[in-house]
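So the structure is just underneath, and the comments pick up after that.
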Amino acid sequence: MQDILDEIVATIGASKERGKVADYIPQLACIDPNQFAITVALADGRVFSSGHSERLFSIQSISKVFTLTIALGKLGDAVWSRVGREPSGDPFNSIVQLEHENGKPRNPFINAGAIAIADAILKGHQPKETLGEILQFVRFIADDDSIGIDEKVAQSELVTGDRNASLAHFMASFGRMKNPVDWVLGTYFHHCSIAMNTEQLARSGLFLVDNGRNPVSGTRVVSALRARRINSLMLMCGHYDGSGEFAFRVGLPGKSGVGGGILAIAPGKASIAVWSPGLDEVGNSKLGTEALENLVQHTGWSIF
Ligand code: DON
């Protein structure tokens with residue numbers, strides 16, 4: 034495995050065509066695109082990394098997997114009255130479907146859906162308390178108490194967050210927000226600003242590798258059924274309007290973020306995290322996707 038990862042770093046990681054870093058969040062616009070890391074956390078507990086795997090990056094939308102998991106824990110199937118579970122086929126920050134679909138986002142991974150999930154988990158509590166809970170959960174699944182929020186990124190999102198504010202207010206106009214919109218947005222921007230490295234991120238996905246149970250510690254995080262459902266949503270919706278392309282090329286449940294990270298799950302085998310800040314046209318890590326495509330060719334881990 035180490036050989037495969039080192040080769041991916043030496044070839045794909047050194048590519049000249051690196052995509053474009055997200056520039057609509059000023060704090061992400063200044064990230065050096067020449068960084069690249071990959072970590073594979075195997076179900077048997079072994080962890081392999083190559084590249085800049087100790088460097089922290091903004092996990093952005095990957096955090097939506099964790100908030101969905103928390104929401105399912107708190108609300109159970111009532112979550113599905115707040116968000117759907119169909120791919121949107123539209124960009125991650127699109128507003129158009131909301132108008133025709135009664136303000137209900139298509140799935141929990143587009144921005145509108147994740148904002149609705151943030152509202153669902155707030156349950157009248159202060160954003161600080163909810164963020165504490167989200168962080169506690171992420172630290173628990175990654176087995177690492179050092180994970181935190183990059184406050185500069187959160188502030189940067191807040192001051193340039195007009196689109197997300199529009200989505201939230203639009204949903205509120207359908208009577209879909211149970212908490213003040215600024216609380217919901219504050220919670221959403223902060224959980225998107227959680228900073229992790231690929232080692233931490235790969236470990237955090239282990240519970241989705243083994244039917245809801247961390248295969249290394251043996252701790253159960255969610256039921257087997259719930260883990261299967263989270264994986265299916267990642268496969269169908271985890272890369273927004275690039276989800277079909279990701280399934281076609283990689284064939285694994287995956288979730289991307291505009292910080293350039295991708296978490297991919299090979300059920301029964303491994304949790305994989307890649308990071309390369311340059312994005313493709315739809316906002317998914319360009320080299321990260323190529324790296325996963327290559328890894329799956331070497332390992333045969335595609336679920337298809
Ligand atoms: O709300 C936003 O736009 C960002 N906090 C998250 C977007 C994101 O990561 C979409 N990813 N590909």
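My numbering numbers the first residue of the sequence shown as 34 and each following residue consecutively.
Even glycine gets a Cβ: it sits at the ideal position worked out from N, Cα and C.
If you reduce the DSSP assignment to three classes, tell me which class T252 lands in. coil
Does the beta-carbon of N230, which I'm using as the reference point, lie nearer than 7 angstroms to any heavy atom of the ligand DON? no
Return the CA-CA distance between E166 and V54, expressed in angstroms with no decimal places. 30 angstroms
Using only the alpha-carbon positions, how far apart do D176 and P59 sit? 31 angstroms
Could you say which of Y273, Q159, A299 and V129 lies nearest to L328 if we only look at CA atoms? A299
Would you mind working out which of T44, D36, N67 and Q35 sits nearest P310, comparing C-alpha positions? N67
Given that a residue counts as buried once 16 or more other Cβ atoms are within 10 Å of its Cβ, and exposed if not, what is V129? exposed
E232 to H85 span [Cα, whole Å]: 10 angstroms
Compare the Cα-Cα distances from A201 to each of A324, D110, I143 and I64 and report the closest residue. I143
Between the alpha carbons of Q35 and V315, how many angstroms are there, rounded? 30 angstroms
If we call anything under 8 angstroms between Cβ atoms a contact, is L89 one with N230? yes
Check whether L191 and F222 have beta carbons under 8 angstroms apart: yes
For the segment 138-156 and the segment 268-287, state whether three or more C-beta atom pairs, one from each stretch, are separated by less than 8 angstroms. yes
In the structure shown, what three-state DSSP assignment does M210 receive? coil
Please check the pair L357 and G284, which I expect to be a contact at CB under 8 angstroms, by giving their CB distance rounded to whole angstroms. Residue 357 is absent from the structure shown; the chain starts at 34 and stops at 337.
Leaving out five residues on either side along the sequence, give the residues of the same chain with a beta carbon under 6 angstroms from the beta carbon of V98. K288
Jot down the residue ranges of each uninterrupted beta strand (DSSP E) in the segment 45-102, minimum 3 residues, whole runs only, in chain order. 70-75 and 80-84
Terminal residues of the beta strand (DSSP E) in which A299 lies: G294 to A299
Sequence-distant residues of the same chain with beta carbon closer than 6 angstroms to E134, five excluded per side: none
Is V255 close to the ligand DON? I mean its beta-carbon at under 7 angstroms from any heavy atom of the ligand. no
Contacts around G293, its chain only, beta-carbon distance under 6 angstroms, and the 5 residues preceding and following it disregarded: W308, S309, P310 and S318
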